[in-house]
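To start, the structure under review is shown below, and the notes come after it.
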Amino acid sequence: MRPLRPAVAAALVLLAATGCTDAPPAARSDGPAPATSSSSGPAPAPPAGEEEAQALAPLPDGVATGTAVLVYSGLGELREPFAGQCSHDGSTTRIEGTADTARIVLEVTPDGARIDLDDGGVRSSSELSAGRYEVSGGHLSLRADMTQDGESTGTAELEIDCGG
Numbered sequence: 755m756r757p758l759r760p761a762v763a764a765a766l767v768l769l770a771a772t773g774c775t776d777a778p779p780a781a782r783s784d785g786p787a788p789a790t791s792s793s794s795g796p797a798p799a800p801p802a803g804e805e806e807a808q809a810l811a812p813l814p815d816g817v818a819t820g821t822a823v824l825v826y827s828g829l830g831e832l833r834e835p836f837a838g839q840c841s842h843d844g845s846t847t848r849i850e851g852t853a854d855t856a857r858i859v860l861e862v863t864p865d866g867a868r869i870d871l872d873d874g875g876v877r878s879s880s881e882l883s884a885g886r887y888e889v890s891g892g893h894l895s896l897r898a899d900m901t902q903d904g905e906s907t908g909t910a911e912l913e914i915d916c917g918g
């Protein structure tokens with residue numbers, strides 16, 4: 755595993771600090787926000803929702819094995835074998851387990867998808883975008899962008915077999 759714990763901790767501190775910093779008085783404006791250029795980059799993918807929840811519904815409950823890749827933009831990545839459990843509660847699919855020292859929980863509902871990581875007390879919780887949520891038999895192939903507070907933080911890729 756590449757150094758993730760210090761990088762994630764630094765990113766979370768940075769995100770918290772920038773999200774809570776007030777603009778200096780000279781930078782404040784009571785008028786409308788300035789227009790942004792469409793050349794600033796691609797629009798973010800829409801958040802995951804009902805379609806993704808329906809796609810994961812056929813996954814069987816039971817043991818989950820595979821590979822987890824969580825890439826945190828500019829910080830590092832976790833790329834490790836995954837072992838855990840797949841389960842359903844109504845229209846919610848939950849896959850939880852470990853990859854190296856990290857505990858990972860994926861929860862997909864009709865209202866959205868979230869992936870939580872806890873690696874030795876360093877925690878990150880990200881919303882997932884619509885993306886690739888493909889199920890074939892008991893196999894999930896997922897690739898989606900991660901965001902926190904509307905800002906892109908990286909990507910999640912899971913290749914997981916459920917029910918084995």
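Be aware that the sequence shown starts at 755, since it is given in my numbering, and climbs by one per residue.
The beta-carbon is built from N, C-alpha and C at its ideal position, and this holds for glycine as well.
Length of the line joining the Cα atoms of residue 845 and residue 803:
Against the sequence shown, residue 845 aligns to sequence position 91. Against the sequence shown, residue 803 aligns to sequence position 49. Cα to Cα, the separation comes out at about 11 Å.
So, helix, strand or coil for residue 837, using DSSP?
As a first step, residue 837 is located in the sequence shown; it is residue number 83 there, counting from the start. Strand at residue 837.
Would you kindly check if the distance between the Cβ of residue 799 and the Cβ of residue 910 is under 9 Å?
The sequence position of residue 910 within the sequence shown is 156, counting from 1. The sequence position of residue 799 within the sequence shown is 45, counting from 1. Not in contact: residue 910 and residue 799 (Cβ atoms no closer than 9 Å).
What is the DSSP secondary structure of residue 832, reduced to helix, strand or coil?
Here residue 832 refers to the residue found at position 78 of the sequence shown. Looking at residue 832 - three-state DSSP - the assignment turns out to be strand.
Residues that DSSP places opposite residue 870 in a beta bridge:
By 1-based counting over the sequence shown, the position of residue 870 is 116. According to DSSP, which records beta bridges pairwise, residue 870 is partnered with 859 and 879.
Is residue 908 buried or exposed, if buried means 16 or more other CB atoms sit within 10 Å of its CB?
Counting from one through the sequence shown, the residue named residue 908 turns up at place 154. Using a 10 angstroms sphere on the CB of residue 908, the tally of other CB atoms reaches 16 or more, which defines it as buried.
Against chain B, does residue 835 count as a neighbour if the rule is that its beta carbon must be under 9 Å from one of theirs?
Any reference to chain B falls outside this structure, which holds one protein chain only.
Quick check: what's the CA-CA separation for residue 831 versus residue 825?
Taking the first residue of the sequence shown as position 1, residue 831 is located at position 77. Taking the first residue of the sequence shown as position 1, residue 825 is located at position 71. So the two alpha carbons sit approximately 4 Å from each other.
Exposure of residue 834, with buried meaning 16 or more beta-carbon neighbours within 10 Å:
Start at 1 with the first residue of the sequence shown, and residue 834 comes out as number 80. Residue 834 is classed as buried because its beta carbon has at least 16 other beta carbons within 10 Å across all chains shown.
Over the uninterrupted beta strand (DSSP E) stretch that includes residue 894, give me the two end residues.
Position 140 of the sequence shown, counting from 1, holds the residue named residue 894. From DSSP, the beta strand (DSSP E) with residue 894 extends over 893-902.
Coarse secondary structure for residue 824, derived from DSSP in three states:
Residue mapping note: residue 824 aligns to position 70 of the sequence shown, counting from 1. Correct three-state label for residue 824: strand.
Looking at the structure shown, is residue 912 part of a helix, part of a strand, or coil, going by DSSP?
What you label residue 912 is simply residue 158 of the sequence shown in a count that begins at 1. Residue state for residue 912 is assigned as strand, using DSSP reduced to three classes.
So for residue 807, helix, strand or coil by DSSP?
Numbered from 1 along the sequence shown, position 53 holds the residue referred to as residue 807. DSSP places residue 807 in helix when its eight states are reduced to three.
Nearest by alpha-carbon distance to residue 870: which of 889, 843, 901 and 817 is it?
Walking along the sequence shown from the start, residue 870 turns up at place 116. Minimum Cα-Cα distance from residue 870 among the listed residues 889, 843, 901 and 817 corresponds to 901.
Whole-angstrom distance between residue 851 and residue 859, CA atom to CA atom:
Numbered from 1 along the sequence shown, position 105 holds the residue referred to as residue 859. Numbered from 1 along the sequence shown, position 97 holds the residue referred to as residue 851. Taking the straight line joining both Cα atoms gives about 7 Å.
Is it buried or exposed, residue 879, if we count other Cβ atoms within 10 angstroms and call 16 or more buried?
Translated into positions along the sequence shown, residue 879 becomes position 125. Exposed is the call here.
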